[in-house]
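Asker:
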Amino acid sequence: MKETSVLCLLFLISLLSCTTNQARLTVSPSSSQFFEYDSVSLSCEEDDSSAGWTLRRNTSNLQRTQCGDGWGKPAHSSCNISYFALFDSGVYWCESREGPISNMVNLTVTGGSVILQSPVLPVMEGDDVTLLCKTKTTPSNLPAAFYKDGSLIRKQPTGHMTIQHVSRSDEGLYKCDISGHGESPSSWITVTDKHTTTPPPTSTPPPTSTPPGSISITLPPVLSVLSCVGSVCVVVLLVLMVLMVRRCVHRKPEDQEETGEDEIITHVKYNIKTINHQQQPIRRSRASHAFDFHV
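Residue numbers for the sequence shown, in mature numbering (1 follows the signal peptide of the UniProt record, and there is no 0): -23 to -1, 1 to 272.
If you want it as structure tokens, here you go:
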């Protein structure tokens, strides 16, 4: 009973550590696409500052490098990038010493003249989403055409388009085009269910062509819950192994002690029986001797 209580307590502690020590990666300015030489600030918004969150990224050249290791300038739980380069395109996330990770954000740096400003984080179902088609030098209110999964949605005279009350059918790959300036890279927009706090797994976006002079790595969001479940399973397995070893170690002396007691009891019974058997002839001889004396 005591071992079961300890196991349940450890399991609950592991679950609490996964749910309370999570971070959320935010991008400022809020956009998934940037022009070359733009500056950006990435922050790990956390509930527990003692978790030790580190910002990491995967690019086409390097994997799992952290802020300050050849890119960016770390500042507590943030990372500031003064000048975005084409090779900075990739997937960014926050990671703690205990293992859990935050949401993953795909950032694209382009050497072209047009970008699409779209939500970095998943959008809640029923909310309104505004997309802005922006040029690098000219005003951002030029007429633009917006596309979803390669098909034209509509043309807007002011360069921005609002999707009202988004649903799961609005999830997909978006881009825009400004006549005379060019086309933006594509960005994936995720729509989450209204009753969930974390985005469900999504299918991989269809392959698309990337405008010349830009690098784009598009990945759907990945749930940090998987990491938590893995850590909980490891803790539970380790505790079960320890409890099984302890039980085997304690059981062996008890079995030996019971066997020894049984042997002692059997030996005592045998001695008592032998003594009684030896005393019977003596009693008979005494009784015979007494009878002869009276005669």
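All C-beta atoms, glycine included, are put in the ideal place defined by N, C-alpha and C. Please read all numbers here as calculations on a predicted model, not as lab measurements.
According to DSSP, is Ser54 helix, strand or coil?
Answerer: Here residue 54 is taken as the residue at index 77 of the sequence shown, counted from 1. DSSP places Ser54 in coil when its eight states are reduced to three.
Asker: Please return the same chain residues whose Cβ sits closer than 7 Å to the Cβ of Phe12, not counting the five positions on each side in sequence.
Answerer: Residue 12 sits at position 35 when you count from the first residue of the sequence shown. The answer, listed in chain order, is Thr87, Ile92 and Lys113.
Asker: By DSSP, does Ser146 sit in helix, in strand, or in coil?
Answerer: By 1-based counting over the sequence shown, the position of residue 146 is 169. Of the three classes helix, strand and coil, the one that applies to Ser146 here is helix, per DSSP.
Asker: How many Å lie between residue 278 and Asp170 at the Cα?
Answerer: Because the chain here runs from -23 to 272, residue 278 falls outside it and cannot be looked at.
Asker: Distance, Cα to Cα, Ala122 vs Lys132?
Answerer: Along the sequence shown, read from residue 1 onward, the residue named residue 122 stands at position 145. Along the sequence shown, read from residue 1 onward, the residue named residue 132 stands at position 155. Cα-Cα distance, rounded: 4 Å.
Asker: What number of angstroms, rounded off, separates the C-alpha of Gly136 from the C-alpha of Leu129?
Answerer: Counting from 1 along the sequence shown, the entry for residue 136 is found at position 159. Counting from 1 along the sequence shown, the entry for residue 129 is found at position 152. Distance between the alpha carbons of Gly136 and Leu129 is about 14 Å.
Asker: Kindly give me the distance between the Cβ atoms of Ser95 and Tyr151, rounded to whole angstroms, as I take these residues to be in contact under 8 Å.
Answerer: Numbered from its first residue, the sequence shown carries residue 95 at position 118. Numbered from its first residue, the sequence shown carries residue 151 at position 174. Right, the Cβ-Cβ distance comes to about 6 Å (below 8 Å), so this counts as a contact.
Asker: Taking DSSP as the reference, what is the three-state secondary structure of Asp105?
Answerer: Against the sequence shown, residue 105 aligns to sequence position 128. Of the three classes helix, strand and coil, the one that applies to Asp105 here is coil, per DSSP.
Asker: Would you identify the three-state DSSP class for Phe61, choosing helix, strand or coil?
Answerer: Along the sequence shown, one-based indexing puts residue 61 at 84. Coil.
Asker: Examine the Cβ distances between the stretch 63 to 74 and the stretch 105 to 120 and report whether three or more of them are shorter than 8 Å.
Answerer: Flag = no, the stretch 63 to 74 and the stretch 105 to 120 do not touch.
Asker: Taking the beta carbon of Ala(-1) as the centre, do at least 16 other beta carbons fall within 10 Å, making it buried, or is it exposed?
Answerer: Indexing the sequence shown from 1 puts residue -1 at position 23. Answer is buried; the Cβ neighbour count reaches 16.
Asker: Which same chain residues, not among the five before or five after Trp48, have their C-beta less than 8 Å away from its C-beta?
Answerer: Position 71 of the sequence shown holds residue 48. Within the same chain, Trp48 has close Cβ partners Arg34, Thr42, Ile58 and Asp65.
Asker: Buried or exposed: which applies to Ser180, given that a residue is buried once 16 or more other Cβ atoms fall within 10 Å of its Cβ?
Answerer: Translated into positions along the sequence shown, residue 180 becomes position 203. Low per-residue confidence applies at Ser180: pLDDT is 37, beneath 50, and the placement is therefore not dependable, though the value from the model is reported in the following sentence. Classification of Ser180: exposed, given that the 10 Å Cβ count is below 16.
Asker: Starting from Cys21, trace the beta strand (DSSP E) both ways and give me its first and last residue.
Answerer: The residue labelled residue 21 in the question sits at position 44 within the sequence shown. Where Cys21 is concerned, the enclosing beta strand (DSSP E) stretches over Val17 to Glu23.
Asker: Could you tell me whether the Cβ atoms of Val100 and Ser9 are closer together than 8 Å?
Answerer: As a working mapping, residue 100 is identified with position 123 in the sequence shown. As a working mapping, residue 9 is identified with position 32 in the sequence shown. Cβ atoms of Val100 and Ser9: not closer than 8 Å.
Asker: What are the boundary residues of the beta strand (DSSP E) that His137 is part of?
Answerer: Looking up residue 137 in the sequence shown gives position 160. Where His137 is concerned, the enclosing beta strand (DSSP E) stretches over His137 to Ile140.
Asker: How would you write the range of the beta strand (DSSP E) that Gln94 sits in, first residue to last?
Answerer: Locating residue 94 in the sequence shown gives position 117, counting from the first residue. Here the beta strand (DSSP E) through Gln94 covers Val91 to Gln94.
Asker: Once you ignore the five residues that flank Leu32 on each side, which residues in its own chain have a CB closer than 7 Å to its CB?
Answerer: Within the sequence shown, numbered from 1, the residue matching residue 32 stands at position 55. Excluding positions up to five away in sequence, the list reads Leu19, Cys21, Gln43, Cys44, Cys56, Tyr69 and Cys71.
Asker: Within the continuous beta strand (DSSP E) that includes Leu39, where are the two ends?
Answerer: Within the sequence shown, the letter at position 62 stands for residue 39. No beta strand (DSSP E) contains Leu39, which DSSP labels as neither H nor E.
Asker: What's the C-alpha gap between Asp46 and Pro134?
Answerer: As a working mapping, residue 46 is identified with position 69 in the sequence shown. As a working mapping, residue 134 is identified with position 157 in the sequence shown. Rounded to the nearest angstrom, the two C-alpha atoms are 44 Å apart.
Asker: Tell me whether Arg33 sits in a helix, a strand or coil according to DSSP, three-state version.
Answerer: By 1-based counting over the sequence shown, the position of residue 33 is 56. Note: Arg33 maps to strand in three-state DSSP.
Asker: Suppose contacts are defined by Cβ-Cβ distances below 8 Å. Is residue 335 in contact with Gly29 by that definition?
Answerer: Nothing can be reported for residue 335: it is not among the residues displayed for the chain, which extend from -23 to 272.
Asker: Give the range of the beta strand (DSSP E) segment to which Thr130 is assigned.
Answerer: Mapped onto the sequence shown, residue 130 falls at position 153. Checking the sequence shown, residue 130 turns out to be Ile, not Thr. It spans Ser128 to Gln133 - the beta strand (DSSP E) in which Ile130 sits, taken as one unbroken run.
Asker: Whose C-alpha, out of Val4, Ile78, His53 and Lys111, is nearest the C-alpha of residue 315?
Answerer: Residue 315 is absent from the model: the chain starts at -23 and stops at 272.
Asker: Tell me the DSSP secondary structure of Arg224 in three-state form.
Answerer: Here residue 224 refers to the residue found at position 247 of the sequence shown. Helix at Arg224.
Asker: Leaving out five residues on either side along the sequence, give the residues of the same chain with a beta carbon under 6 Å from the beta carbon of Lys125.
Answerer: Mapped onto the sequence shown, residue 125 falls at position 148. Here the set comprises Gly149 and Tyr151.
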